[in-house]
Amino acid sequence: MLKPLFGAFPTDKRIAGIHSIPITKDGSIVMGWDKNEKSLTTIGGRIENNEDIDTALDRETVEEAGLILESNRIPIASWYWDSTDTYTVFVIARVKEYVDMPEGFETTGRVIMNIETARQIIYKMEGEGLRTELLDIVDSVYDKFFSLN
Numbered sequence: 014m015l016k017p018l019f020g021a022f023p024t025d026k027r028i029a030g031i032h033s034i035p036i037t038k039d040g041s042i043v044m045g046w047d048k049n050e051k052s053l054t055t056i057g058g059r060i061e062n063n064e065d066i067d068t069a070l071d072r073e074t075v076e077e078a079g080l081i082l083e084s085n086r087i088p089i090a091s092w093y094w095d096s097t098d099t100y101t102v103f104v105i106a107r108v109k110e111y112v113d114m115p116e117g118f119e120t121t122g123r124v125i126m127n128i129e130t131a132r133q134i135i136y137k138m139e140g141e142g143l144r145t146e147l148l149d150i151v152d153s154v155y156d157k158f159f160s161l162n
């Protein structure tokens with residue numbers, strides 16, 4: 014179950030995964046196209062041995078979307094995994110710069126769009142679920158954390 018967070022990481026269980034919804038300067042969001050699932054996805058993955066959350070997110074955003082994020086990352090939601098007793102946490106963060114994407118990872122690149130377009134595409138492809146719920150949370154907290162200056 015997806016649980017909204019209000020700017021703070023959960024502390025009661027280990028965080029094993031970190032994902033982001035990067036926000037561009039014009040307020041668009043960035044998602045990845047997963048070539049195996051053939052769907053839009055958030056940018057992120059597992060935290061590897063000896064990585065902290067920021068290092069894992071930095072690595073994943075370059076691998077999956079060719080992005081460097083600003084250092085201000087705001088936790089907005091978590092997903093609890095019963096099978097591993099861990100969380101995956103979702104954050105929003107501004108895109109700092111675009112870089113070349115390395116080859117050989119599960120996404121074919123970044124897809125940039127507004128939140129409503131992403132919601133409609135995901136709903137059309139997979140119906141209500143984790144990703145549409147996550148976009149609802151992003152939409153509800155965006156103005157609180159970012160302004161389009």
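According to my numbering, the sequence shown is numbered sequentially starting from 14.
Ideal placement from N, C-alpha and C gives every residue a C-beta, glycine not left out.
What you are looking at is a predicted structure, and each value in this text was computed from that prediction instead of being measured.
From this set, Arg59, Pro17, Ile135, which residue's C-alpha is nearest Asn127's C-alpha?
By one-based count along the sequence shown, residue 127 stands at place 114. Answer by Cα proximity: Ile135.
What number of angstroms, rounded off, separates the C-alpha of Val151 from the C-alpha of Thr130?
Position 138 of the sequence shown, counted from the first residue, corresponds to residue 151. Position 117 of the sequence shown, counted from the first residue, corresponds to residue 130. One Cα belongs to Val151, the other to Thr130, and the distance between them is close to 13 Å.
Considering only residues of the same chain and omitting the five flanking positions on each side of Ala21, which have a CB-CB separation below 7 Å?
For the purposes of this step, residue 21 is identified with residue 8 of the sequence shown, where counting begins at 1. Pro88.
Identity of the residues DSSP links to Tyr111 by a beta bridge:
The residue you call residue 111 lines up with position 98 of the sequence shown. DSSP lists Leu80 as partners of Tyr111.
Coarse secondary structure for Phe131, derived from DSSP in three states
Indexing the sequence shown from 1 puts residue 131 at position 118. The residue asked about is misnamed: residue 131 is Ala in this sequence, not Phe. Residue state, collapsed to three classes: helix.
Using 8 Å as the Cβ pair cut-off and three pairs as the minimum, do the stretch 45 to 58 and the stretch 89 to 98 touch?
no
Consult DSSP for Met44 and reduce its assignment to one of helix, strand or coil.
Taking the sequence shown and counting its residues from 1, the one referred to as residue 44 is at position 31. Reduced to three states, the DSSP call for Met44 is strand.
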